[in-house]
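Visitor: Here the sequence shown is numbered in full-length UniProt numbering, starting from 1 and rising by one per residue.
Idealized CB from N, CA, C, for every residue including glycine.
It should be emphasised that the depicted structure is a prediction, and the values quoted were computed from it without experimental measurement.
Here it is: the structure, laid out below.
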Amino acid sequence: MKIVVKIGGDLIKEDSINKSLIEDFKEYAKNKELIIVHGGGDRVTEIATKLGKEQKFVISPEGFKSRYTDKETVEIYTMVMAGEINKKIVRLLQSFGINAIGLSGFDGALLRAKRKERIVIIDEKGRKRAIDGGYTGKIISVNSGLILLLMEKGYVPVISPVAMGEAFEPLNVDGDRTAGAIAKSINANILIYLTDVKGILMNGEVIRKININDVEKLLEKIGPGMSTKVHAAIDAIKGGVEKAIITSGFIEKPITKAIKEEEGTVIYL
Numbered sequence: 001m002k003i004v005v006k007i008g009g010d011l012i013k014e015d016s017i018n019k020s021l022i023e024d025f026k027e028y029a030k031n032k033e034l035i036i037v038h039g040g041g042d043r044v045t046e047i048a049t050k051l052g053k054e055q056k057f058v059i060s061p062e063g064f065k066s067r068y069t070d071k072e073t074v075e076i077y078t079m080v081m082a083g084e085i086n087k088k089i090v091r092l093l094q095s096f097g098i099n100a101i102g103l104s105g106f107d108g109a110l111l112r113a114k115r116k117e118r119i120v121i122i123d124e125k126g127r128k129r130a131i132d133g134g135y136t137g138k139i140i141s142v143n144s145g146l147i148l149l150l151m152e153k154g155y156v157p158v159i160s161p162v163a164m165g166e167a168f169e170p171l172n173v174d175g176d177r178t179a180g181a182i183a184k185s186i187n188a189n190i191l192i193y194l195t196d197v198k199g200i201l202m203n204g205e206v207i208r209k210i211n212i213n214d215v216e217k218l219l220e221k222i223g224p225g226m227s228t229k230v231h232a233a234i235d236a237i238k239g240g241v242e243k244a245i246i247t248s249g250f251i252e253k254p255i256t257k258a259i260k261e262e263e264g265t266v267i268y269l
């Protein structure tokens, strides 16, 4: 079994670590089954602000909010994601006996992406407008051989969502979609999104299980943050991943309970 787990940047903190999550990581790492993809956008914003670089966010016609990444911002983004956050997670996992190895999209050409030349946004007056795409990209290839080689040798890849463009430039790529692309590329069995909510909520209740056709109909009714995960999950399942699970990372044994379908929302074909 191969499991890709996407974690938010706030999920692994030394002062508030969920020890049960670490136990889960150890269990699946022991069986050479685990790949971790992390986020950390809030920390990027925090560091950029401290450096005097105001962060701008744009809204797509579909309602997705994303960071507008100019040249200076992508340098900060790379520094924080591939540097500070990635290495903190690796160091923390190593301290618990998990043989983690930190990677960005540059390492071994792990993540190649196509730069978005233009992006369409909704401006402050509610109008559609095309602007320069900056340094954002869409993943076009994953070096799955490198990931599988590391897993075979007993390492747990910890991957940051920083990709390499066609001109070898750094590109900001969405973490949720990165996890989905990696899951597809290695023919993962399960893709798990660990969040701060219990799953997809409808009228205050967690939807326990839903197929991709039905979940697509709900996209307009769920928030943009969750919507990105659902879109990525649907794409991964259409690409061969058996199922995707969205669940809380703050509960006991979140990965084990997700795999057993005891917690979270299971999305399937």
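Is residue 168 buried or exposed, if buried means 16 or more other CB atoms sit within 10 Å of its CB?
Guide: Taking the first residue of the sequence shown as position 1, residue 168 is located at position 168. Answer is exposed; the Cβ neighbour count stays below 16.
Visitor: In the DSSP assignment, the alpha helix (DSSP H) including residue 224 goes from what residue to what residue?
Guide: The residue you call residue 224 lines up with position 224 of the sequence shown. From DSSP, the alpha helix (DSSP H) with residue 224 extends over 224 to 238.
Visitor: Counting C-beta neighbours from all protein chains within 10 Å, is the total for residue 236 16 or more, i.e. buried, or is it exposed?
Guide: The residue labelled residue 236 in the question sits at position 236 within the sequence shown. So residue 236 ends up on the buried side.
Visitor: Beta strand (DSSP E) containing residue 58: first to last residue?
Guide: As a working note, residue 58 is residue 58 in the sequence shown. Taken as a continuous stretch (DSSP letters only), the beta strand (DSSP E) holding residue 58 covers 56 to 59.
Visitor: Does the Cβ-Cβ distance between residue 112 and residue 164 come in under 7 Å?
Guide: For the purposes of this step, residue 112 is identified with residue 112 of the sequence shown, where counting begins at 1. For the purposes of this step, residue 164 is identified with residue 164 of the sequence shown, where counting begins at 1. Result yes, Cβ atoms of residue 112 and residue 164 sit closer than 7 Å.
Visitor: By Cβ distance, which residues of its chain are closer than 8 Å to residue 17, with the 5 residues on each side in sequence left out?
Guide: Position 17 of the sequence shown, counted from the first residue, corresponds to residue 17. Closer than 8 Å at the Cβ level, and outside the excluded window around residue 17, lie 92.
Visitor: When DSSP labels each residue in this structure, what does residue 205 get in the three-state scheme?
Guide: Numbered from its first residue, the sequence shown carries residue 205 at position 205. Looking at residue 205 - three-state DSSP - the assignment turns out to be strand.
Visitor: Can you give, in chain order, each stretch of the beta strand (DSSP E) that sits fully within the segment 15 to 39 and has at least 3 residues?
Guide: Complete beta strand (DSSP E) runs here, min 3: 34 to 38.
Visitor: Is residue 189 near residue 26, with beta carbons less than 7 Å apart?
Guide: On the sequence shown, residue 189 is found 189 positions in, with the first residue counted as 1. On the sequence shown, residue 26 is found 26 positions in, with the first residue counted as 1. No, the pair does not count as a contact, with Cβ atoms beyond the cut-off.
Visitor: By DSSP, does residue 195 sit in helix, in strand, or in coil?
Guide: Taking the sequence shown and counting its residues from 1, one reaches residue 195 at position 195. If DSSP states are grouped into helix, strand and coil, residue 195 belongs with the strands.
Visitor: Okay, do the segment 212 to 232 and the segment 152 to 159 touch, 3+ Cβ pairs below 8 Å being the bar?
Guide: With a cut-off of 8 Å, the segment 152 to 159 and the segment 212 to 232 do not count as touching, because too few Cβ pairs lie within range.
Visitor: Mapping DSSP to helix, strand and coil, what is residue 269?
Guide: In the sequence shown, the residue the question calls residue 269 occupies position 269. Note: residue 269 maps to coil in three-state DSSP.
Visitor: With DSSP as the reference, please indicate the residues paired to residue 247 in a beta bridge.
Guide: Position 247 of the sequence shown, counted from the first residue, corresponds to residue 247. Residue 247 pairs with 194.
Visitor: Taking residue 246 as the reference, which of 263, 238, 253 has the closest Cα?
Guide: Here residue 246 is taken as the residue at index 246 of the sequence shown, counted from 1. Checked all of 263, 238, 253; the closest Cα to residue 246 is 263.
Visitor: Can you name the start and end residues of the beta strand (DSSP E) that residue 141 belongs to?
Guide: In the sequence shown, the residue the question calls residue 141 occupies position 141. Segment 137 to 142, the beta strand (DSSP E) holding residue 141.
Visitor: Starting from residue 102 and walking both ways along the beta strand (DSSP E), at which residues does that stretch end?
Guide: As a first step, residue 102 must be located in the sequence shown, where it is residue number 102. Residues 100 to 103.
Visitor: Indicate the three-state DSSP secondary structure (helix, strand or coil) for residue 120 in the structure shown.
Guide: Here the question's residue 120 lines up with position 120 in the sequence shown. It is a strand residue.
Visitor: Express the C-alpha separation of residue 29 and residue 98 in angstroms, rounding to a whole number.
Guide: As a working mapping, residue 98 is identified with position 98 in the sequence shown. As a working mapping, residue 29 is identified with position 29 in the sequence shown. The straight-line gap from Cα to Cα measures roughly 7 Å.
Visitor: Between residue 45 and the ligand NAD, is the CB less than 6 Å from at least one heavy atom?
Guide: Annotation note on the ligand NAD: not contained in the displayed structure, which lists no ligands.
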